[in-house]
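Enquirer: This is the structure I want to talk about, given as structure tokens.
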DNA sequence: ACGATTGTCAAGTGACCACTTTAGTATGCG
DNA sequence: CGCATACTAAAGTGGTCACTTGACAATCGT
């Protein structure tokens, strides 16, 4: 019940350049919060907030080790957004294929009304 | 010079539920602006603005036909975000593989310092 | 034990942005 | 022509959110 893993939260989280940069850094290997903060011209507190956002939406996980919090990417989070994009891509592709086939198989050009619209028949 | 196609713009655009819904609707087939607006409890003007955002970042294209503007998904836009996510996913996967291999090939447990860190040696 | 790291919490602030309103332009239809 | 449809453009507004500050807790090194 801790993670929502919703598409909305994931996209919202990745909309922020700093958070995307954190995920990029983290996809190269685990890191502590201050390690994550180093490249930024930003307070440590701000980075902590970003980490919290990323964790709440399931894009990263973290565990406290001593006085450090070590963070790593959670593949499941990436999958959520990957699936969304992948589905749209395949739908658009299928849509274009259908259009291509239609154009190729109708030399006369007048058989039925030009249903260029949505998939319902 | 019209489209930026930057990752940042694409993610920012998709962070908005309404805009994601528009892309979803559009990945099922082309539609006019007012068709896109229909399901929303929102002014047409607002939808127009969303369409403009989606077009500027290269996620959709549109052409004016008569008094209608018909919109369709631009696959290239989806590819931009797909590539970003795909790269991170593969990096994380590779990272986990390396960790697994390391654990499997070290029964003694003390050969070199535990470099769980980034890829540099 | 003391000081220095490392992180956390809470409250405040400024900027951005989604949305509305208003007013206007262009196209289709009878 | 005249009226409705479909969009566009500009300005204003409220709410969200990234970031700061400041004060505090826990842990490490010496």
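Residue numbers (the numbering used here), protein chains in the order written: chain A, 1 to 121; chain B, 1001 to 1121.
Glycine included, every Cβ here is placed at the ideal spot set by N, Cα and C.
(1) Excluding the five sequence neighbours on either side, which residues of its own chain have a C-beta within less than 6 Å of the C-beta of residue 92 (chain A), listed in chain order?
(2) Could you name the residues of chain A that residue 1036 (chain B) contacts, counting a contact when the two beta carbons are closer than 8 Å?
(3) Are the stretch 1052-1068 of chain B and the stretch 1021-1034 of chain B touching, with three or more C-beta to C-beta distances below 8 Å?
(4) Anything in the stretch 49-78 of chain A with a Cβ closer than 7 Å to a Cβ of chain B? List those residues in chain order, please.
(5) Could you round the C-beta distance between residue 1044 (chain B) and residue 1013 (chain B) to whole angstroms and report it? I think they count as a contact, below 8 Å.
(6) Would you identify the three-state DSSP class for residue 999 (chain B), choosing helix, strand or coil?
(7) Can you give the Cα-Cα distance for residue 86 (chain A) and residue 1082 (chain B), rounded to whole angstroms?
(8) Using only CA atoms, which one of B:1030, B:1032, B:1021, B:1010 lies nearest to residue 1041 (chain B)?
(9) Quick one: residues in its chain with C-beta nearer than 8 Å to the C-beta of residue 1010 (chain B), no 5 flanking neighbours on either side, listed in chain order?
(10) So which residues on chain A does residue 1017 (chain B) lean against when the C-beta distance must stay under 7 Å?
(11) Quick one: is residue 1040 (chain B) near chain A, going by C-beta distance under 8 Å?
(12) Would you call residue 1031 (chain B) buried or exposed, if buried means 16 or more other Cβ atoms sit within 10 Å of its Cβ?
(13) Going by Cα to Cα distance, which pick from B:1084, B:1089, B:1090 is closest to residue 1006 (chain B)?
(14) What did DSSP end up calling residue 1038 (chain B) once you bin it into helix, strand or coil?
(15) Here's a check: name, in chain order, each residue in its chain whose Cβ is nearer than 7 Å to the Cβ of residue 34 (chain A), leaving out the five neighbours to either side.
(16) The beta strand (DSSP E) spanning residue 1061 (chain B) covers which residue range?
Expert: So, from the listed chains and residues:
(1) The sequence position of residue 92 (chain A) within the first chain is 92, counting from 1. Take residue 92 (chain A), set aside five residues on each side of it, and no residue of its chain has a beta-carbon closer than 6 Å to its own.
(2) Position 36 of the second chain, counting from 1, holds the residue named residue 1036 (chain B). Chain A residues near residue 1036 (chain B): none, gap ~12 Å exceeds 8 Å.
(3) Contact between the stretch 1052-1068 of chain B and the stretch 1021-1034 of chain B is present, because at least three Cβ pairs lie under 8 Å.
(4) Within the stretch 49-78 of chain A, the qualifying residues are 73, 75, 78.
(5) Mapped onto the second chain, residue 1044 (chain B) falls at position 44. Mapped onto the second chain, residue 1013 (chain B) falls at position 13. Not quite, the Cβ-Cβ distance comes to about 19 Å (not below 8 Å), so this is no contact.
(6) No answer is possible for residue 999 (chain B): the residues shown for chain B start at 1001 and end at 1121.
(7) The count along the first chain starts at 1 and reaches residue 86 (chain A) at position 86. The count along the second chain starts at 1 and reaches residue 1082 (chain B) at position 82. Pairing residue 86 (chain A) with residue 1082 (chain B), the inter-Cα distance amounts to about 7 Å.
(8) Within the second chain, the letter at position 41 stands for residue 1041 (chain B). Cα-wise, what sits closest to residue 1041 (chain B) is B:1021.
(9) Mapped onto the second chain, residue 1010 (chain B) falls at position 10. Within the same chain, 1057, 1058, 1059, 1077, 1080, 1081 come within 8 Å of residue 1010 (chain B) by CB-CB distance, once the 5 residues on both sides are set aside.
(10) Counting from 1 along the second chain, the entry for residue 1017 (chain B) is found at position 17. Close partners of residue 1017 (chain B) in chain A (Cβ separation under 7 Å): 8.
(11) Taking the second chain and counting its residues from 1, the one referred to as residue 1040 (chain B) is at position 40. No - not a single Cβ of chain A is within 8 Å of the one on residue 1040 (chain B).
(12) Start at 1 with the first residue of the second chain, and residue 1031 (chain B) comes out as number 31. By the neighbour-count rule (16 or more Cβ atoms within 10 Å), residue 1031 (chain B) is buried.
(13) The residue given as residue 1006 (chain B) occupies position 6 in the second chain. Of B:1084, B:1089, B:1090, the residue nearest in Cα terms is B:1084.
(14) As a position in the second chain, residue 1038 (chain B) is number 38, starting the count at 1. Coil.
(15) The residue given as residue 34 (chain A) occupies position 34 in the first chain. Excluding positions up to five away in sequence, the list reads 44.
(16) Translated into positions along the second chain, residue 1061 (chain B) becomes position 61. Residue 1061 (chain B) -> beta strand (DSSP E) spans 1060-1065.
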